[in-house]
Every structure is written in structure tokens, then in C-alpha cells.
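Q: Protein sequence lines, in the order shown, are assigned to chains P and L.
Once you know that position 27 of the first sequence is 27 in my numbering, the rest is easy, because the numbers rise by one and skip nothing.
Once you know that position 89 of the second sequence is 1089 in my numbering, the rest is easy, because the numbers rise by one and skip nothing.
Just so you know, even glycine gets a beta-carbon here, dropped at the ideal spot from N, CA and C.
Here the structure is a predicted model, which is why all the values come from computation and not from measurement.
Number of protein chains: 2
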Amino acid sequence: MLRGDITEAIQAAVVEELAAVGYGRLSIEAVARRAGVAKTAVYRRWGSKLAMVLEIVAGVAGRKLPLPDTGTLSGDLTVFLQILTIALRHPLASQIIPDLLAEAARNPEIAQTLQQALRANQHEIGSLLVGRAIERGELPEGADPDLAVDLIVGPIYWRLTVNRDPLPPDYVPRLVTAVIAALSA
Amino acid sequence: MLRGDITEAIQAAVVEELAAVGYGRLSIEAVARRAGVAKTAVYRRWGSKLAMVLEIVAGVAGRKLPLPDTGTLSGDLTVFLQILTIALRHPLASQIIPDLLAEAARNPEIAQTLQQALRANQHEIGSLLVGRAIERGELPEGADPDLAVDLIVGPIYWRLTVNRDPLPPDYVPRLVTAVIAALSA
DNA sequence: CAGCGACGCAACGGTTGCGTCGCGACGTTG
DNA sequence: CAACGTCGCGACGCAACCGTTGCGTCGCTG
Chain P
1 MLRGDITEAI QAAVVEELAA VGYGRLSIEA VARRAGVAKT AVYRRWGSKL
51 AMVLEIVAGV AGRKLPLPDT GTLSGDLTVF LQILTIALRH PLASQIIPDL
101 LAEAARNPEI AQTLQQALRA NQHEIGSLLV GRAIERGELP EGADPDLAVD
151 LIVGPIYWRL TVNRDPLPPD YVPRLVTAVI AALSA
Chain L
1001 MLRGDITEAI QAAVVEELAA VGYGRLSIEA VARRAGVAKT AVYRRWGSKL
1051 AMVLEIVAGV AGRKLPLPDT GTLSGDLTVF LQILTIALRH PLASQIIPDL
1101 LAEAARNPEI AQTLQQALRA NQHEIGSLLV GRAIERGELP EGADPDLAVD
1151 LIVGPIYWRL TVNRDPLPPD YVPRLVTAVI AALSA
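#1: Mind checking the stretch 1059 to 1086 of chain L against chain P and listing, in chain order, the residues whose C-beta falls within less than 9 Å of any C-beta there?
#2: Scan the stretch 161 to 173 of chain P for residues whose Cβ lies nearer than 9 Å to a Cβ of chain L and list them as they occur along the chain.
#3: So, at 8 Å on beta carbons, what are the nonlocal neighbours of Gln1122 of chain L in its own chain, with the 5 sequence-adjacent residues on each side left out?
#4: Let me confirm a value: Ala38 of chain P is counted as buried when at least 16 other C-beta atoms fall within 10 Å, else exposed. Which label applies?
#5: With DSSP as the reference, label Lys1064 of chain L as helix, strand or coil.
#6: Got a sec, what are the start and stop residues for the alpha helix (DSSP H) Val1079 of chain L sits in?
#7: Closest Cβ-Cβ distance between Glu1138 of chain L and chain P: below 9 Å?
#8: Classify Thr40 of chain P: buried if its beta carbon has 16 or more other beta carbons within 10 angstroms, exposed otherwise.
#9: Of the choices P:Ile83, P:Leu50, P:Leu139, P:Ile6, whose alpha-carbon is the least far from that of Thr113 of chain P?
#10: So, does the stretch 130 to 143 of chain P touch the stretch 156 to 166 of chain P, judging by three or more C-beta pairs under 8 Å?
#11: Report the option in P:Trp46, P:Thr177, P:Glu138 whose CA atom is closest to the CA atom of Gly71 of chain P.
#12: Determine, using beta carbons only, whether Tyr43 of chain P comes closer than 9 Å to chain L.
#13: Classify Thr177 of chain P as buried or exposed, calling it buried when 16 or more other Cβ atoms lie within 10 Å of its own Cβ.
#14: Scan the stretch 91 to 102 of chain P for residues whose Cβ lies nearer than 7 Å to a Cβ of chain L and list them as they occur along the chain.
#15: Determine the contact status of Leu100 of chain P and Ile110 of chain P, defining contact as a CB-CB distance below 9 Å.
#16: Ignore the nearest five residues each way along the sequence and tell me which others in Arg1034 of chain L's own chain have a CB closer than 7 Å to its CB.
#17: Could you tell me if Tyr23 of chain P is buried or exposed, where buried requires 16 or more neighbouring beta carbons within 10 angstroms of its beta carbon?
#18: Report the residue from L:Leu1183, L:Arg1044, L:Ala1104, L:Leu1002 whose alpha carbon sits nearest the alpha carbon of Val1057 of chain L.
#19: Tell me whether the beta-carbon of Leu1147 of chain L lies closer than 9 Å to the beta-carbon of Tyr171 of chain P.
#20: Could you check whether the Cβ of Pro1145 of chain L sits closer than 9 Å to any Cβ belonging to chain P?
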């Protein structure tokens, strides 16, 4: 019954508005304005700003990253890090992700939605990468997939999103060798 | 001329309000209300919400962490990580830091203030830790202090503040050995 | 072709915050 | 004691947004 093109316009507007002003300052009026849509069209779909954002965010964050098997741990890590750096550099992502994380610190529903979307994905990637490497004999049996994820994602996120430093050109390969050394210990 | 106790009450109120609702939703009215102070008292001190927050944040974020010399790299790292985990777990810090980082992504003045306060401190800590370790022969000559900081702070920040997972009891020592292995490569 | 529902539009009363102003009270300074 | 400046208080007009309502239009469905 609800027109699909309008729903999509609203979703896109929410994402843009989220990037522009953040969840705290996001208003239904501004979303409708940006979507070129009447406020009533929004309220017909969602009962509140929270419900609207939760549904849209869950939809976007739930997508899985493709994770090719390059044949070596170092290759897998390099590909994964490159995908990650591109994603984190995306203007929309680099504004929305920190904002939602900040909001998650005070809103349990947002926190739960983000965790549900991210944690499973993250654990799966870690298990996959480390599992393959162990099968190949590149890592010892006891290597911890969750620690691996922290070691891979943490430094990149810290540098790109928190510190907002540009990446030195050889940063990714150096990080890859460092992570492999760390996991082999 | 301006009463010091009132200034302090306002500063404390700003910090609390920042934690409670974030920079985006922070209002002068709420700050004055929380501080038990008239709105005019705030406007006598700062001309705008941005100026007020910047001055207060710079004052808090500029403080330096003590960094004892334990005699070994592993000891230094352990102490530093423990201080860091305690700081990041602090309720006020864990809400305010992500919020300001998110706001920094859209407000250059906030970004600059944070960078100025954090980057220098961070680089100094990295250089100090790595420098000592190289002198002791615990790390090779070429070890990169900035990469070291990413490897130390990134995983902890990721797990504590982004993922909001509790730390497994032996996480810090395992991270320490992993980091040392990574930096030795 | 008749009916239904989503649509845009405009307006509603209510809330919140903005930045400013004038007032009288209080305490310090000269 | 007189002057000054900060203080709290309350109010101002203005703007934005809230969530809801009623209206007429449009397009699909039966």
C-alpha cells in the first residue's frame, strides 16, 4: 500500500540527515523536507524517530562484506583491510558510525541494534580468517579469533575515524605483518 | 569579578550534560538549570555553546597521564593499558569521548581542539615507550612509535568503547604480548 | 466506475530553546 | 557610605519541531 519510491526517498534522507546533524539533532521535519515528502508520509511508516532510525540502520549495517579466500593469511588480511579502509573513509560512514556509537552509549536500543548487526559479522570474519590460517599452518592452534579482530580493526579504526590521520602509504602492509606476528605469539 | 564557584558549577554541569544528552542536544538552558544558576550567568562567561564547550573540553583533555618507568616494555605497556582501561570505563568519559569524536566529524573547531589535545600527548607516549624499549634492546631500531600507539590503543578502544564488550580477565597480558611480538617484527 | 488508501498541503496547540532585557538584592571595593 | 558589578529571577519575541488533524487529489483495485 505504501509507495516504495517514497519509502526509499525517506530512507536516503534519514541517512543523509544522520550524517549532517547526527541522531541527536535529527528531526522528522528535516527528514521529510530533505526527502521532498510530507511529514505525514513519514509518520505513516514509523511511529517515532527511534523506530525509524533503528529499522533503517539495521538494514544498512546488516549487510555482509564479501571475504575472498586469497590463499594466504597475509593476502586475506590485506584485502580485508583495504575494504575496511575504503568503507571507513566513506564520508557518510565516517560521520554516521561515530555518531551512532556515541548515541549507543546512552540508548540501549541503539546499542543492541548495532551490536546485533556488528558483533555477529565481526566474529564470523575473525573465525573465518583465523580458521583458514590455522588449517594452512600459518597460525598456531590456539590463536584467538576475537583478539585477532581487535588487532586488525582497532588500529585502523583508531587512526582513521578517531585520530582522523591520513594513512601512510605503506601502513596496511606494515599493519598486516605486525598483526601476523602478534597472532603467532 | 566573575564568581569562581559559579564558574566551576557551570563547568561541571556542562560535563554532566554532555554525558547525558551529547553535544548536539546540549542546551544552555539545561546547563544553567543543572548548575543551579541563571542563564545570564552563563552568557556572561561565554558567547556561545561552542566556545563554552571548547574551552572546558580543552581544559579537561589537556591533562597528561603519568607514565611510570617500570624497567621493562611489558611492564610499561601493562601499566599504560590498565590506566587506559580504567579511564575508558569511566561513565562520563565513555559517553563524552565518542560523542565529541562524532561531533568532530562535522565541526572543524572541535576536531582541531581534540587533535591538539590528544595527538601531542599520544605521540609523546608512543615515543617514550618505544624509545625506552629500544634503549634496553627490547625492540629493534626501526620500531615505529606511531604504529605502536595504534596497536596499543586501537584494540582496547575498539573493544571497550565501540564494541562495549567486557574485557576477559587475561585480556591485557595477552594484548601486551601480542603487541610486543608485533613491534618486534 | 466506484471505493479505498496513500499522497501533499496547511494548520493546529504545545513545548523547548534561543539571546536579550530590566529588575532588585547582595557583596566588595574605594 | 556610595558606586559598581555580579547575582537570581522572570519575561520578552522569535524560531523550530513536536505529533495530530482535516482536506482535496491521485492512482490503483475490484
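A: So, from the data block:
#1: none
#2: Thr161, Val162, Asn163, Arg164, Asp165, Pro168, Tyr171
#3: Val1149, Val1153
#4: exposed
#5: coil
#6: 1073 to 1089
#7: no
#8: exposed
#9: P:Leu50
#10: no
#11: P:Glu138
#12: no
#13: exposed
#14: Ser94, Gln95, Pro98, Asp99, Leu101, Ala102
#15: yes
#16: Ala1013, Glu1016, Glu1017
#17: buried
#18: L:Ala1104
#19: yes
#20: no
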